[in-house]
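One line per chain: the protein sequences are P and A, in this order. Under this note's numbering, think of the first position of the first sequence as 16, with each following residue one higher. Under this note's numbering, think of the first position of the second sequence as 2, with each following residue one higher. Heads up: the structure comes next, in structure tokens.
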Amino acid sequence: MTLQTVAPAMGAVAAIPLGGRPVASPDRPAATKDIAMTNDERDQANSEQGGDLRVDVAIVGGGLAGGSLALALAGAGFRVALVDATDPSVMRDAAFDGRTTALAYATARMFRRLGLWDAIAPSAEPIRDILVTDGALESPSRRGGVVDSHLWFDGAALDGEPYLGWIVENQIIRNALFDAIEATDAITLLAPASASGTSFDAGAARISLKDGRRIFADLAVAADGKRSALAAAADIRSHAWGYGQKAIVCSVAHERSHDGVAQEYFLPGGPFAILPMTNSRCSLVWTERADAADAYIALPDDAFLEAIGARFGVYLGALSLASPRWSFPLGFHFSESFVARRLALVGDAARAIHPIAGQGFNLGLKDVAALVDVLTSARGLGRDIGDLSVLDEYDRWRRFDSAALAFGTDMLNRLFSNDVGPIRAARRLGLSAVNALGPLKRTFMRESGADLGRLPSLLQPERVSSAP
Amino acid sequence: MTTTAADQAESPTPRVSGATVDGGEIAKFEKMAAEWWDPHGKFRPLHKFNPTRLAYIRDAIAGHLGRDPQSAAPLRGLRLLDVGCGGGLVCEPMRRLGAEVVGIDASEMNVKVAATHAEETGLSIDYRASTVEALVDGGEPQFDAVLNLEAVEHVADVDLFLQSSAALVKPGGIMVVATINRTLKAVATAKIGAEYVLRWLPVGTHDPRKFVKPSEIERAIRPTGMTVKASAGVAYNLLTDAWRVVDDVAVNYMIVATKPGGPGNA
Ligand SMILES: Cc1cc2nc3c(=O)[nH]c(=O)nc-3n(C[C@H](O)[C@H](O)[C@H](O)COP(=O)(O)OP(=O)(O)OC[C@H]3O[C@@H](n4cnc5c(N)ncnc54)[C@H](O)[C@@H]3O)c2cc1C
Numbered sequence: 016m017t018l019q020t021v022a023p024a025m026g027a028v029a030a031i032p033l034g035g036r037p038v039a040s041p042d043r044p045a046a047t048k049d050i051a052m053t054n055d056e057r058d059q060a061n062s063e064q065g066g067d068l069r070v071d072v073a074i075v076g077g078g079l080a081g082g083s084l085a086l087a088l089a090g091a092g093f094r095v096a097l098v099d100a101t102d103p104s105v106m107r108d109a110a111f112d113g114r115t116t117a118l119a120y121a122t123a124r125m126f127r128r129l130g131l132w133d134a135i136a137p138s139a140e141p142i143r144d145i146l147v148t149d150g151a152l153e154s155p156s157r158r159g160g161v162v163d164s165h166l167w168f169d170g171a172a173l174d175g176e177p178y179l180g181w182i183v184e185n186q187i188i189r190n191a192l193f194d195a196i197e198a199t200d201a202i203t204l205l206a207p208a209s210a211s212g213t214s215f216d217a218g219a220a221r222i223s224l225k226d227g228r229r230i231f232a233d234l235a236v237a238a239d240g241k242r243s244a245l246a247a248a249a250d251i252r253s254h255a256w257g258y259g260q261k262a263i264v265c266s267v268a269h270e271r272s273h274d275g276v277a278q279e280y281f282l283p284g285g286p287f288a289i290l291p292m293t294n295s296r297c298s299l300v301w302t303e304r305a306d307a308a309d310a311y312i313a314l315p316d317d318a319f320l321e322a323i324g325a326r327f328g329v330y331l332g333a334l335s336l337a338s339p340r341w342s343f344p345l346g347f348h349f350s351e352s353f354v355a356r357r358l359a360l361v362g363d364a365a366r367a368i369h370p371i372a373g374q375g376f377n378l379g380l381k382d383v384a385a386l387v388d389v390l391t392s393a394r395g396l397g398r399d400i401g402d403l404s405v406l407d408e409y410d411r412w413r414r415f416d417s418a419a420l421a422f423g424t425d426m427l428n429r430l431f432s433n434d435v436g437p438i439r440a441a442r443r444l445g446l447s448a449v450n451a452l453g454p455l456k457r458t459f460m461r462e463s464g465a466d467l468g469r470l471p472s473l474l475q476p477e478r479v480s481s482a483p
Numbered sequence: 002m003t004t005t006a007a008d009q010a011e012s013p014t015p016r017v018s019g020a021t022v023d024g025g026e027i028a029k030f031e032k033m034a035a036e037w038w039d040p041h042g043k044f045r046p047l048h049k050f051n052p053t054r055l056a057y058i059r060d061a062i063a064g065h066l067g068r069d070p071q072s073a074a075p076l077r078g079l080r081l082l083d084v085g086c087g088g089g090l091v092c093e094p095m096r097r098l099g100a101e102v103v104g105i106d107a108s109e110m111n112v113k114v115a116a117t118h119a120e121e122t123g124l125s126i127d128y129r130a131s132t133v134e135a136l137v138d139g140g141e142p143q144f145d146a147v148l149n150l151e152a153v154e155h156v157a158d159v160d161l162f163l164q165s166s167a168a169l170v171k172p173g174g175i176m177v178v179a180t181i182n183r184t185l186k187a188v189a190t191a192k193i194g195a196e197y198v199l200r201w202l203p204v205g206t207h208d209p210r211k212f213v214k215p216s217e218i219e220r221a222i223r224p225t226g227m228t229v230k231a232s233a234g235v236a237y238n239l240l241t242d243a244w245r246v247v248d249d250v251a252v253n254y255m256i257v258a259t260k261p262g263g264p265g266n267a
């Protein structure tokens, strides 16, 4: 859960720690079902009982992953309930989430297919190049020069796709999602509403809301973020650790053009990313040890800007703050399973990674696309979409696919978030070597573009048909 | 590398009692019944195999009756009989695809397991502990589609079993038979591979002498007026751990037979 309270203009803002709510003791009255009733008849009966909702899929968590899943499932013909504890008007507000997302080009394809891209595109800044630099604050690249120990992901080297991706404000995506969700009949949006109890029975997943309403679904989806309460209710364990780091997030406006170049500096406290935005702005994701981050966040505006400038360098000219500041405690987790009977985990509920590679939500969207593929083909065969034999396909696909990237980003952060001389020398060598190897570099780039591995149909290039 | 092997977990039921039942086989399979629906349990191979088989059956029935297999409920309104329904792994999907399903099994326990599960999932399926011979004798109305999956290789009298099944098909209707071929390759993969090497099935699940050749099925149903329209093999790929439809019918195979007459399109 990434709910933040926002202090008045430009003030320091602390994010409430991410995490789902503890589940109240799930009550389990015996399921009453009539064998002679069809699903349709049961719907009827349930809605007549009042307060109960019968859907194909009940999604808990209306963040970026849950919202995208609701739309994609509705587009594939499923009836969906989408539950979130937060009022959508709060989630739509600019102050709710100051982050940007680096959307991989495969992800942009998916938004195109979901009919969201037109709403997003005007606010999306293409990423033309990515410059990754290691080193001390006085590195020449920060002054616009080119140094040896960096990775230069040249967008032009990526045949076929015009850009590496786009930088978009999360709030732009969130508003596009809610606009579309509210216009979709097949989605019942229940927000603000908190799930208080869940059970995953042989016949249905049942979600009890705090206000007493109940949702019956063939499948429940946990899109409730890190420390998912749904995953916990299904006894799914997770490997988790904190980084002792926080990411400071804000936007700055600058004098000169960023030319669509995203930069990432590996500084001793952690990576410092400068992501190009529209209107001559950049989004900062500045990772520091938690105590240092708190201290920086508490600085007055001019001192905060000065601290940014010292890291930023002068290549974009004069800087000014263009948003409030947010901070996010960083941690890693990877679920032992992405499924249980009548439950699938997507997005940060399945695994959450360090933002060092800007891949968290891109992984989440790949989950969404893969789950829609698996459920659609299962339904086409008359299979039960909540059955473990169906969900196993999703688990195998996504858990194995994302493990390498998740643990890779963990290693990257460990490797780069320190100032130990020999390690720095070694990683400089590593970066230069990667830079020299064309094909490997392309693989790095395509991984960043989320285009590696078996692609779900929503993510496939338009020119390739998904089925022969 | 593609290796064919048996999926035989599904057949654990002697499909027929009375005239053609082989009594010794009932006990052998009854103890397996409770585990039907655990995809990680003993029936894992069947759960892996099921999607491939369901797709073939859906496409065969929809194709024969001129329906769109990709539509929401391509089998809507069809009367369908699943012979040797086991725990209901085929009946339930067929019901969701719209068919009015009757599932019969000679094992009382299988029928109970299947009915319990259908109740849990809220599907109405007519499960009966019965045999094709008993249905014919009892004057059961005919079906648009009859499924005979992994049953033939467990019955005592193949011809009588197939002819009784065929008698239950409406004019213009369709029957799908799935079984194992009596070839050296089938013994190697479906018997030795599945029971001894991969340990998918308890040793003794299959008696290779009871495997049935496609020509024997064709000959058995000919007197009923049914003709074979299509056949296909099903092969397991060890590397991808997935099944797929292939041309080679030397091991596991499926046969589609149709009966002339009737309105054709249901
Ligand atoms: C600093 C930072 C920068 C990042 N940059 C990038 C980037 O550039 N590119 C990228 O791809 N990813 C990035 N990420 C990762 C990305 O932001 C996350 O992966 C993504 O937002 C996760 O979305 P989600 O929908 O899975 O979870 P969340 O956003 O956590 O949503 C969970 C939702 O569930 C609701 N909820 C929780 N519990 C309940 C309950 N019991 N009942 C009802 N509702 C409940 C919450 O209210 C919330 O709305 C970044 C992350 C950070 C921290």
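Ideal placement from N, C-alpha and C gives every residue a C-beta, glycine not left out.
#1: Mapping DSSP to helix, strand and coil, what is leucine 88(P)?
#2: Below 7 Å between beta carbons: does that hold for leucine 403(P) and proline 40(A)?
#3: Verify the CB distance criterion: does leucine 148(A) have a CB-CB separation below 7 Å to chain P?
#4: Should alanine 96(P) and alanine 73(P) be called a contact, given that it needs their Cβ atoms to be closer than 7 Å?
#5: Between the segment 247-266 of chain P and the segment 293-300 of chain P, are three or more C-beta pairs nearer than 8 Å?
#6: For serine 472(P), go through chain A and note every residue whose CB falls closer than 9 Å to its CB, in chain order.
#7: Below 8 Å on C-beta distance, what does threonine 241(A) contact in chain P?
#8: If we cut at 7 Å on Cβ distances, does threonine 122(A) have a partner in chain P?
#9: According to DSSP, is serine 156(P) helix, strand or coil?
#10: I think alanine 232(P) touches alanine 248(P), with their Cβ atoms under 8 Å apart; what is that distance to the nearest whole Å?
#11: State the start and end residues of the unbroken alpha helix (DSSP H) segment that holds alanine 63(A).
#12: Ignore the nearest five residues each way along the sequence and tell me which others in alanine 308(P)'s own chain have a CB closer than 7 Å to its CB.
#13: If you follow the beta strand (DSSP E) that glutamine 374(P) is in, where does it begin and where does it stop?
#14: Is the CB of serine 253(P) under 7 Å away from at least one CB in chain A?
#15: State the CB to CB distance for the pair glycine 401(P) and arginine 357(P), rounded to an integer number of angstroms; the pair is presumed to be in contact (CB under 8 Å).
#16: Is there contact between the segment 120-129 of chain A and the segment 150-160 of chain A, where contact requires at least three CB pairs shorter than 8 Å?
#17: Apply the 10 Å Cβ neighbour rule to glycine 139(A) and answer buried if 16 or more other Cβ atoms are within range, or exposed otherwise.
#18: Let me see if you follow: with CB-CB separation under 7 Å, is arginine 97(A) close to chain P or not?
#19: Where leucine 396(P) and leucine 390(P) are concerned, what is the direct C-alpha to C-alpha distance, given to the nearest angstrom?
#20: By the three-class DSSP mapping on this structure, what secondary structure does proline 141(P) have?
#21: CB-CB under 7 Å to glycine 88(A), same chain, minus the five flanking residues each way: which ones, in chain order?
#22: Take valine 103(A) and list the residues in its own chain whose beta-carbon comes closer than 6 Å to its own, dropping the five residues that flank it on each side.
#23: Determine the contact status of glycine 259(P) and alanine 305(P), defining contact as a CB-CB distance below 7 Å.
#24: Rounded to whole angstroms, what is the Cα-Cα separation between threonine 47(P) and lysine 192(A)?
#25: State the CB to CB distance for the pair histidine 65(A) and threonine 225(A), rounded to an integer number of angstroms; the pair is presumed to be in contact (CB under 8 Å).
#26: Under 7 Å between C-beta atoms, does histidine 65(A) make it to chain P?
#27: For alanine 421(P), I'd like the list of residues in its chain whose CB is within less than 6 Å of its CB, leaving aside the five on either flank, ordered along the chain.
#28: What does DSSP give as the partner residues of leucine 299(P) in its beta bridges?
#29: Just the chain A side, please: which residues come within less than 8 Å of arginine 221(P) by C-beta, in chain order?
#30: On the DSSP bridge assignment, give the partners of alanine 210(P) in chain order.
#31: When you measure from the CB of arginine 189(P) to every non-hydrogen atom of ligand 1, does any distance come out below 6 Å?
#32: Would you say threonine 213(P) and asparagine 377(P) are within 7 Å of each other, going by their C-beta atoms?
#33: Comparing the CB of phenylalanine 343(P) with every heavy atom of ligand 1, is any distance shorter than 6 Å?
#34: For chain A, check one thing: does any of its Cβ atoms lie closer than 7 Å to the Cβ of leucine 360(P)?
#35: Leaving out five residues before and five after threonine 122(A) in sequence, what residues of the same chain have Cβ atoms less than 8 Å from its Cβ?
#36: Going by C-alpha to C-alpha distance, which of Ser232(A), Arg80(A), Thr190(A) and Val246(A) sits closest to valine 252(A)?
The structure says:
#1: One-based indexing of the first sequence puts residue 88(P) at position 73. DSSP places leucine 88(P) in helix when its eight states are reduced to three.
#2: Position 388 of the first sequence, counted from the first residue, corresponds to residue 403(P). Position 39 of the second sequence, counted from the first residue, corresponds to residue 40(A). The answer is yes: Cβ separation under 7 Å.
#3: If you number the second sequence from 1, residue 148(A) lands on position 147. Cβ-Cβ to chain P under 7 Å: no for leucine 148(A).
#4: Start at 1 with the first residue of the first sequence, and residue 96(P) comes out as number 81. Start at 1 with the first residue of the first sequence, and residue 73(P) comes out as number 58. Yes, these two residues count as a Cβ contact at 7 Å.
#5: yes
#6: The residue you call residue 472(P) lines up with position 457 of the first sequence. Per Cβ cutoff of 9 Å: no residues; serine 472(P) is ~14 Å from chain A at best.
#7: Here residue 241(A) corresponds to residue number 240 of the second sequence, with the count starting at 1. Result: empty, since nearest Cβ-Cβ is about 11 Å, beyond 8 Å.
#8: As a position in the second sequence, residue 122(A) is number 121, starting the count at 1. It does; some Cβ of chain P falls within 7 Å.
#9: In the first sequence, the residue the question calls residue 156(P) occupies position 141. In this prediction, serine 156(P) scores a pLDDT of 48, lower than 50, which makes its location untrustworthy; no coordinate-derived value is stated.
#10: Translated into positions along the first sequence, residue 232(P) becomes position 217. Translated into positions along the first sequence, residue 248(P) becomes position 233. No, alanine 232(P) and alanine 248(P) are not in contact; Cβ-Cβ is about 14 Å, not under 8 Å.
#11: Position 62 of the second sequence, counted from the start, is the residue given in the question as residue 63(A). Alanine 63(A) -> alpha helix (DSSP H) spans 45-65.
#12: Position 293 of the first sequence, counted from the start, is the residue given in the question as residue 308(P). Cβ neighbours of alanine 308(P) beyond the five flanking positions: Lys261, Ile263 and Ser342.
#13: In the first sequence, residue 374(P) corresponds to position 359, counting from 1. That residue, glutamine 374(P), is in no beta strand (DSSP E); it is neither H nor E in DSSP.
#14: Working through the first sequence from its first residue, we reach residue 253(P) at position 238. For serine 253(P), the answer is no, since every Cβ of chain A falls outside 7 Å of its Cβ.
#15: By one-based count along the first sequence, residue 401(P) stands at place 386. By one-based count along the first sequence, residue 357(P) stands at place 342. Contact holds; Cβ gap of about 4 Å.
#16: no
#17: In the second sequence, counting from the first residue as 1, residue 139(A) sits at position 138. Glycine 139(A) is exposed by the Cβ-count criterion.
#18: Reading the second sequence from its first residue, position 96 is the one you call residue 97(A). For arginine 97(A), the answer is yes, since a Cβ of chain P falls inside 7 Å of its Cβ.
#19: In the first sequence, counting from the first residue as 1, residue 396(P) sits at position 381. In the first sequence, counting from the first residue as 1, residue 390(P) sits at position 375. Going by the C-alpha atoms only, they are around 10 Å apart.
#20: To locate residue 141(P), count along the first sequence from 1; it is residue 126. DSSP places proline 141(P) in strand when its eight states are reduced to three.
#21: Locating residue 88(A) in the second sequence gives position 87, where the first residue counts as 1. Cβ within range, chain order: Ala34, Trp37, Trp38, Asn111, Val114, Ala115 and His118.
#22: Locating residue 103(A) in the second sequence gives position 102, where the first residue counts as 1. Only Leu82 and Asp127 meet the Cβ criterion.
#23: The sequence position of residue 259(P) within the first sequence is 244, counting from 1. The sequence position of residue 305(P) within the first sequence is 290, counting from 1. Yes, the Cβ-Cβ distance between glycine 259(P) and alanine 305(P) is below 7 Å.
#24: Mapped onto the first sequence, residue 47(P) falls at position 32. Mapped onto the second sequence, residue 192(A) falls at position 191. In this predicted model, threonine 47(P) has a pLDDT of only 32, less than 50, meaning its place in the structure is not dependable; the value taken from the coordinates is given anyway. Between threonine 47(P) and lysine 192(A), the C-alpha separation is close to 43 Å.
#25: The residue given as residue 65(A) occupies position 64 in the second sequence. The residue given as residue 225(A) occupies position 224 in the second sequence. Between threonine 225(A) and histidine 65(A) the Cβ distance is about 17 Å, and since that is not below 8 Å, they are no contact.
#26: Here residue 65(A) refers to the residue found at position 64 when the second sequence is read from its first residue. No - not a single Cβ of chain P is within 7 Å of the one on histidine 65(A).
#27: The residue given as residue 421(P) occupies position 406 in the first sequence. Contacts found: Phe349, Arg366 and Ile368.
#28: Start at 1 with the first residue of the first sequence, and residue 299(P) comes out as number 284. Its beta-bridge partners are Cys265(P) and Ile289(P).
#29: Residue mapping note: residue 221(P) aligns to position 206 of the first sequence, counting from 1. Near arginine 221(P) there are no residues of chain A at all, since even the closest Cβ is about 13 Å away, more than 8 Å.
#30: Numbered from 1 along the first sequence, position 195 holds the residue referred to as residue 210(P). Its beta-bridge partners are Leu224(P).
#31: In the first sequence, counting from the first residue as 1, residue 189(P) sits at position 174. Arginine 189(P): no, Cβ never under 6 Å from ligand 1.
#32: In the first sequence, the residue the question calls residue 213(P) occupies position 198. In the first sequence, the residue the question calls residue 377(P) occupies position 362. Contact flag unset, no.
#33: In the first sequence, residue 343(P) corresponds to position 328, counting from 1. Yes - ligand 1 has a heavy atom lying nearer than 6 Å to the Cβ of phenylalanine 343(P).
#34: Reading the first sequence from its first residue, position 345 is the one you call residue 360(P). Taking Cβ atoms only, chain A never reaches closer than 7 Å to leucine 360(P), which makes this a no.
#35: Numbered from its first residue, the second sequence carries residue 122(A) at position 121. If we look at threonine 122(A) and ignore the five residues flanking it on each side, its Cβ neighbours are Glu93.
#36: Within the second sequence, numbered from 1, the residue matching residue 252(A) stands at position 251. Looking at the Cα atoms, Thr190(A) is the closest of the given residues.
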